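Just remember that this note's numbering sits 37 ahead of the position in the sequence shown, which is counted from 1.
C-beta atoms are modelled at their ideal positions from N, C-alpha and C, and glycine is treated no differently.
Fair warning: this is a prediction, and the values are worked out from it, not measured in the lab.
Here the structure is laid out as structure tokens; the discussion comes afterwards.
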Amino acid sequence: MAERGCPPEAVPLPAEVRESLAELELELSEGDITQKGYEKKRAKLLARYVPLIQGVDPSLQEETRIPGPSQATAPAPKQQKPRPSHARDERFRSDVHSEAVQAALAKYKERKMPMPSKRRSVLTHTSMEAYTPPDTSSASEDEGSLRRPGRLASAPLQSDPSVEPWLDQVTQGSSTSSSASSTSSHPGGQPAAAPSAAAAPAGPAALARVADLQSAPPDVTTGLAQHQHAYCERPQLASVRGVPRGGSGSVLETAGGVPVSSRVSSKIQQLLNTLKKPKRPPLKEFFVDDFEELLEVQQPDPSQPKPEGGQMAVLKGELLAVGSTWPPSLLAALQQWGTTQPKAPCLTALDTTGKAVYTLTYGKLWSRSLKLAYTLLNKLTNKNEPLLKPGDRVALVFPNSDPVMFTVAFYGCLLAELVPVPIEVPLTRKDAGSQQVGFLLGSCGVALALTTDACQKGLPKAQTGEVAAFKGWPPLTWLVIDGKHLTKPPKDWHPSAQDAGAGTAYIEYKTSKEGSTVGVAVSHASLLAQCQALTQACGYSEAETLTNVLDFKRDAGLWHGVLTSVMNRMHVVSIPYALMKANPLSWIQKVCAYKARAALVKSRDMHWSLLAQRGQRDVSLSSLRLLIVADGANPWSISSCDAFLNVFQARGLRPEVICPCASSPEALTVAIRRPPDLGGPPPRRAVLSMSGLSHGVIRLDAEEKLSVLAVQDVGQAMPGANVCVVKVEGIPYLCKTDEVGEICVNSSTTATAYYGLLGITKNIFETVPVTAGGAPISDRPFTRTGLLGFIGPDNLVFVVGKLDGLMVVGVRRHNADDIVATALAVEPMKFVYRGRIAVFSVTVLHDDRIVLVAEQRPDASEEDSFQWMSRVLQAIDSIHQVGVYCLALVPANTLPKAPLGGIHVSETKQRFLEGMLHPCNVLMCPHTCVTNLPKPRQKQPEVGPASMIVGNLVAGKRIAQASGRELSHLEDSDQARKLLFLPDVLQWRARSTPEHLLFLLLNAKGTVTSTTTCIQLHKKAERVAAALMEKARLTTGAHVALVYPPGVDLIAAFYGCLYCGCVPVTVRPPHPQNLTTTLPTVKMIVEVSKSACVLTTQAITRLLKSKEALAAVDVRTWPTILDTDDIPKKKVASIFRPPSPDVLAYLDFSVSTTGILAGVKMSHAATSALCRSIKLQCELYPSRQIAICLDPYCGLGFALWCLCRTGK
């Protein structure tokens, strides 16, 4: 691709090519093509006429540079040591995925990418109380003031022949945070859009030597020796929009008003003259905001995989064979067992030590439920009127350690024809999601809450001693239902007969992706059908024992452990969550003790028991015929299932016993795997391409060994159910056989509505799937489950994610659980506290952006955590090909918790949006994911004052021009003409105000550790200059690397280099505890900048030559290392004065978060203009004090540390 700064006459172009170029210019000016598309098409036209640049890899000259990792990398060895129980969330554990992540990171390491380092302020904290987010920008935010608006230059820098031409190609003219120094990692590998020229008030004196290499800087880390070529150098110009970049002999204007002379055909000139006449849009367009139209819409990649199979058929489950012995309703079953089998055990509750504290029999359950029903209907009055009437909703507030009282309350409400609404116990007034629960209670009209005496005593109290009013909750009457508070009903009193009808039986709460809480209403008919279907699918029989580890108030824990168990007169042993935390093996011990035939667990519980089983030799699982994995819909549960089977198969566990299932609050149980003795097919599993899944298609693993997802089936559809898969968005068309969509169910076992929300009820519970031709597939509506999956072989259901965790970035879909699994695979033990990671998306420019929040371990340093964050970004980029918008680490135990200990994701997202997350480390990477930036605004010729004021109404366009305050009045003064360079300013200040305090350094406690006046800084700089000239024997123009911690020594070394005519290069020193990662970056910057000497301190000198450093770099290749701690007090004979303002002053190097090294050349004129512009804009005067919390190594931090305080 040709450099557009090179003379156009060097390459003659045919007429047809010029015509094509003219058409491109016209499309660009009309807004019919984006800048990115223009560059790509223009490069394609000129490719055959412009020879390749010698010495540069052709891939670097393409517009779309996809950083491909080396193919010779071997997978990282698998870690042999066991993981501690608190290391990570084992829902997402996968050894295969961990190895894939480590292999991907190894490829990054083989490419020798420099690892970015955390920006440190002067107060270098490692404690978690700092709460200061690091400055993760890679360089200056004031690049606009450094851009040279001067004439085109084709000659190399005359005053500094030692500067390598490489700097001309690597510099982008922008030194912002990675956005101009790295390429995007979003799908397709398109480079991130570079920001437009900033309008900082830099006048004509701002002559920074900046050149560009098309649209992205080269990856200088892959080849440091291939730079023996020259380029046509030109300054960075503001992008030309609205005016074509061509031109004839006449003078054209760019958006910055810079005259550009070039030669083009007369036809292009004619087009230019036409474009200068603005077209008046129709009247209605004057009043339309065109912001959304300016957003660049990412078009689907034509090479992306597309579904190729035929249209799927509706999957029909087996018939629901209602047995003749089954009771007509659940309450009839309770009455039958309570009267005929009163001593049969129904429920056993355990305490936190694993001891059985109470066993509820069916007789006790029946009698207590009758007492509660009678009390609710007859003993609660309000002004002589019954407080409750049939159909009213009642809140059930019981802790997870009291299943007995909850079961009594639940069946008591059903007997009283009331609708129970189970909720979590509010521990404080500020519980996560508490206000949304109050909204649910208010919308359901709840006025009474049932609880126990012990639970009520633990609730927050008001000053009056009553239960406090929680924020957003309606006024509630609290009723304690312990035995002494209930009234025994008369012998002739019987509850009203309750048939299994369409009336609401109970309401289960559900928290949506956005954090809102809704109530899912389940009818009596659905409740009975669900119990019957589970009985048939699981083969439950009377007197069986079930061990339940799940929450008994909702989901599978309620359906199996409270409802279906009563229908079949089963005995349930309930394991409280607190016991599982104290003894993860407790549920297995109870299976052995009670000879349980079935167990209800999650994959998390299975893994916890693996970690605790090593000392247990008498454990046997031979009695189990059914091990239901309730979160089988989580694709990452397969690893826990496999590991559990490998360990416990030798202790009696049979492979066919493990039965994953899928469920949702709307459809209840969707599918469950049956054992072979119940007629189930053999289990299946598949290894799918994550890239294919992101495009919504099913592709088995071909050659993508890293980016794959292993999934297992969740069994067959429930008896009596019809299952289909429809498209996620838009009209519910049936998916193709190799397409991923949302699973929908038509069955009598599903819920009926969102209580009181008719609008979304119709969308979810009354979906009518249609064929490709638009014909409905059934006359009965289907219920959307919120599960994403497909139908596999043998009519088995596969689930690959949930709709609540779906994030649509561009045109690709990503699942939050998959991102969590990848992040946890990057050495979580050292950094993530208890594996607590939350992933969600926020909307930026009408598109989802991924945010990852994790709790940082208290003993993890900020430097190590920042390295971990960088590795997480690389892993997610390699595995998922998607960029992360923000990665934040917060102190341990600060994220909002869900009732059972997990992270409350929606509340975390809300705190992030409100700025209330209080992170201790933040890494923002918008350049890797925000790829649909608005199109640059058009330059409007001949815009007068009225148009500038009225704007859109007059011109009909968005004005593209903005300018800062002029600096001309400063340049007219005699003092400004004399003090053109920073060394002159420092000398003048040392003479005029020698005792003026320039710098004041504070330690972590806020105590002043050192101060520096003008004369002190001047003398220190003289000593450094003398040492460079005498000891290092450097000549004018030599590059010197300054490797110092933040402090006055760094500033003195910088001015010492200017005093002797050397070019300083500030480099962040390596971290002593992380030399293997940080030292190669230091060495690379020293080599790339061609530094002839390294100035540093004694401590860092020993570090650079230590044995630990020898393992990371070749210490013999360091240039001259000069220690400035004890240099003699000498003066230089004469202080160097640049012969021209264009002479190079310093080099600004930075490393982006994706490992791209970039350097910016700054001339003396640009440096001086930067100082003056910041002084004018921020109103900085010698008496002002500035608190600087930025690192002094590049960008704005360097400018404030080393330039502005002296230069102003």
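Candidates the options, of which the one nearest residue i by Cα
i	options	result
L595	I1088, L409, E545	E545
S902	V1085, Q1110, L433	Q1110
A758	W363, L1039, C1231, S785	S785
L583	I665, E551, M617	I665
A619	V603, S646, E1059	S646
R817	I735, T787, V967	T787
V846	H1108, P337, T1044	P337
P440	K401, A386, A853	A386
M844	H917, P457, I801, V836	H917
K462	F507, S404, I1225, F447	Reading off the sequence, residue 462 comes out as Val, not Lys. Here the closest residue by C-alpha is F507.
Y922	A499, V890, T945, P719	V890
F1018	P1178, P1031, A708	P1178
F877	V1045, K343, D841, T418	D841
Simplified DSSP state of residue i, which is helix, strand or coil
i	result
T444	helix
W515	strand
D1108	Note that residue 1108 is His in the sequence shown, not Asp. Three-state result, H1108: coil.
V325	With a pLDDT of 44 at V325, under the threshold of 50, the modelled position of this residue cannot be trusted; read the value that follows with caution. Note: V325 maps to coil in three-state DSSP.
A1058	helix
V628	helix
P459	strand
M349	coil
R591	coil
G502	coil
T548	strand
R1261	Because the chain spans 38 through 1245 in this model, residue 1261 falls outside it and cannot be assessed.
T1050	strand
A111	Unreliable positioning characterises A111 in this predicted model, as indicated by a pLDDT of 39, which lies under 50. The coordinate reading is nonetheless provided below. In the structure shown, A111 sits in coil (DSSP, three-state: anything other than H, G, I, E or B).
K839	strand
T774	coil
V288	The pLDDT assigned to V288 is 37, lower than 50, so where the model puts this residue is not dependable, and the model offers no usable value.
K867	helix
P1101	strand
S744	coil
A809	coil
D468	coil
K408	helix
Whether residue i touches residue j by CB criterion (8 Å)
i	j	result
T1118	V1188	yes
I1122	L1141	no
M643	F589	no
K1057	A1078	no
I675	Q749	yes
V434	T488	yes
T572	M617	no
W905	E951	no
V5	A1027	In the structure as shown, the chain begins at 38 and stops at 1245. Residue 5 is therefore absent and cannot be evaluated.
Extent of the continuous alpha helix (DSSP H) run through residue i
i	result
K77	72-83
G796	795-802
H644	640-649
S728	727-731
A393	Unbroken run through A393 is the beta strand (DSSP E), 393-398; no alpha helix (DSSP H).
K1142	Here K1142 belongs to no alpha helix (DSSP H), and DSSP marks it neither H nor E.
N683	674-685
D1086	1085-1097
R886	No alpha helix (DSSP H) holds R886; the beta strand (DSSP E) holding it covers 884-893.
Limits of the beta strand (DSSP E) - the one that residue i falls within
i	result
M844	843-846
T554	554-560
Note to self: For a minimum of 3 consecutive residues, which ranges assigned as the beta strand (DSSP E) are wholly contained in the stretch 1167-1193?
What the structure shows: 1181-1188
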